[in-house]
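**Student:** First the structure, then my questions, so here it is.
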Amino acid sequence: MDVWANYRKILHVDMDAFYASVEQRDDPSLMGKPVVVGGRPNSRGVVSAASYEARKYGIRSAMPVAEAARRCPSAVFLPVNGQKYREVSWQIRQIFLTYTPMVEPLSLDEAFLDVTGSTSLFGPADLIALTIKQRIQQELNLTASVGLACNKFLAKLASDLKKPDGFVVVHPNRIQEFLDPLTVERIWGVGEKTAKQLHNHNVKTVRDLRSLELKFLTKLFGSLGSQLYQLAQGIDDRPVESDRVVKSIGRETTFETDIADPDVLETTLLKLAVHVGRSLRKEALRGKTVTLKVRYADFRTLTRSRTLLRATDLDDVIYQEACSLLRELSLKQPLRLIGVTLSNLTDQIQNQLSLFEEPQLEKENLTKVLDSVKEKYGEKSITRARLL
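For the sequence shown, position 175 (counting from the first letter as 1) is numbered 167 according to the numbering used here, and the numbering increases by one without interruption.
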């Protein structure tokens, strides 16, 4: 009898050291070397990805690049090439969609897939998982780790256990055997503070956590306690959501040295607005609320927002509003970071113009032409003079 017969078949696919692996693939001289993606060693950025060679030195994502350089001075430090990673991510997603429309991306490098309804066409779930891994390897020359389980929580745990290039199956009749030896830090929602509280009650493993009563956990952690109780037993009923709603699209940048020059700040805003506008158009979205984010050298962060009369996806409109918000701030200190976000999104094209508003059709047509040129010849094929 098939033990999976009455259960969902959920995959979690997680690319291995994604950004760094793409860079190593595209430059074979980097193979076998510690590679850190995030910026130059003397920059103030953070690590976006580290190759497995770099991880041997304790380098991890979100670590300051300067700290990574201190730990491994011989590492190769590269800037983040977001456009390239997005293109590869799109190629990976096309492979996923070959086997199921139920794909829930979590980021560029990981996604949940529900293949419950796909087994009649493509065979058992473990065969589908292995086929996806093989296609990613053969077609894109990259490796992925995959977890297969009856829910999202277990599948994500499984994909992380044997990285890189791992494949772990959690059988429905062996869930506790899989979970019990794991440390409580593996449970979603257990951060440093929660783990410390659990350790104080001599709870170190999932088996220890499972021995606690629901009433005790809810008294200790409130609603989180109920979640911990469920997850310790491998219970997670959340569906794979194939049409996740995008709530906002934004870009930000951290300067290598603090910037006070208004011209430099506005040029940076133009660059960010162009990226945001392009992302909106790729998703067929428009937004009404422009938000400016700034961070001072002392890490004090401010945001200012303005809601437009009409939803837009035009770079110039986003840029002009962001500049207006920046000028209203009357900055008295240099900035460490600046960012632009568009929210209040809609996929409905709004054609009604204000009586006093210049028609947008000409600008929209020009934008479409520029997008098509970049799509065909690359992002750097055409750009604004101010960004040269």
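Virtual Cβ for every residue (Gly too), placed ideally from N, Cα, C.
Measure the beta-carbon distance from Ala(-3) to Ala41 and round it to whole angstroms, keeping in mind my assumption that it falls under 8 angstroms.
**Tutor:** Taking the sequence shown and counting its residues from 1, one reaches residue -3 at position 5. Taking the sequence shown and counting its residues from 1, one reaches residue 41 at position 49. The Cβ separation is near 39 angstroms, so there is no contact.
**Student:** Just reading off the alpha helix (DSSP H) that Val256 is part of, what are its end residues?
**Tutor:** For the purposes of this step, residue 256 is taken as the residue at position 264 of the sequence shown. Segment Pro254 to Lys274, the alpha helix (DSSP H) holding Val256.
**Student:** In chain order, what residues of the same chain lie with their CB nearer than 6 angstroms to the CB of Val286, ignoring the 5 residues before and after it?
**Tutor:** Counting from 1 along the sequence shown, the entry for residue 286 is found at position 294. Within the same chain, Val286 has close Cβ partners Leu294, Leu327 and Ile330.
**Student:** Is it a yes or a no for the region 45 to 62 touching the region 97 to 111, going by three-plus beta-carbon pairs under 8 angstroms?
**Tutor:** Short answer: they don't touch.
**Student:** So what does DSSP say about Glu248, is it helix, strand or coil?
**Tutor:** Residue mapping note: residue 248 aligns to position 256 of the sequence shown, counting from 1. Three-state result, Glu248: strand.
**Student:** Mind checking who Ile179 pairs with in its DSSP beta bridge?
**Tutor:** Start at 1 with the first residue of the sequence shown, and residue 179 comes out as number 187. In the DSSP output, where bridge partners are listed per residue, Ile179 has none listed.
**Student:** What is the rounded straight-line gap between the Cα of Arg270 and the Cα of Lys211?
**Tutor:** Start at 1 with the first residue of the sequence shown, and residue 270 comes out as number 278. Start at 1 with the first residue of the sequence shown, and residue 211 comes out as number 219. Straight-line Cα distance between these residues: approximately 48 angstroms.
**Student:** Note down, one range per segment and in chain order, each alpha helix (DSSP H) of at least 4 residues found wholly within the region 136 to 202.
**Tutor:** With a minimum length of 4 residues, the continuous alpha helix (DSSP H) runs that stay inside the region 136 to 202 are 144 to 151, 167 to 171, 184 to 192 and 198 to 202.
**Student:** Can you check DSSP and say which residues form a bridge with Val29?
**Tutor:** Against the sequence shown, residue 29 aligns to sequence position 37. In DSSP, Val29 forms a bridge with Ala41 and Leu70.
**Student:** If you reduce the DSSP assignment to three classes, tell me which class Lys211 lands in.
**Tutor:** Here residue 211 corresponds to residue number 219 of the sequence shown, with the count starting at 1. Helix at Lys211.
**Student:** Would you call the region 110 to 126 and the region 6 to 20 in contact, with 3 or more CB pairs under 8 angstroms?
**Tutor:** The region 110 to 126, when compared against the region 6 to 20, does not touch it at the 8 angstroms Cβ threshold.
**Student:** Just the Cα atoms here: how many angstroms apart are Lys280 and Gly50?
**Tutor:** Taking the sequence shown and counting its residues from 1, one reaches residue 280 at position 288. Taking the sequence shown and counting its residues from 1, one reaches residue 50 at position 58. Between Lys280 and Gly50, the C-alpha separation is close to 43 angstroms.
**Student:** Among Asn133, Val195, Val95 and Val182, which one has its Cα closest to the Cα of His4?
**Tutor:** Position 12 of the sequence shown, counted from the first residue, corresponds to residue 4. Checking every option, the nearest Cα to that of His4 belongs to Val95.
**Student:** Do you know how far the Cα of Glu233 is from the Cα of Thr197?
**Tutor:** Along the sequence shown, one-based indexing puts residue 197 at 205. Along the sequence shown, one-based indexing puts residue 233 at 241. The straight-line gap from Cα to Cα measures roughly 30 angstroms.
**Student:** Quick check on this structure: which residue in Val(-5), Val68 and Met7 has the alpha carbon closest to the alpha carbon of Val29?
**Tutor:** As a working mapping, residue 29 is identified with position 37 in the sequence shown. Checking every option, the nearest Cα to that of Val29 belongs to Val68.
**Student:** Does the separation of the CB atoms of Thr92 and Ser110 fall below 7 angstroms?
**Tutor:** Sequence index remark: in the sequence shown, residue 92 carries index 100 (1-based). Sequence index remark: in the sequence shown, residue 110 carries index 118 (1-based). Yes, these two residues count as a Cβ contact at 7 angstroms.
**Student:** Asp6 to Pro156, Cα distance in whole Å?
**Tutor:** In the sequence shown, the residue the question calls residue 6 occupies position 14. In the sequence shown, the residue the question calls residue 156 occupies position 164. Their Cα atoms are separated by approximately 9 angstroms.
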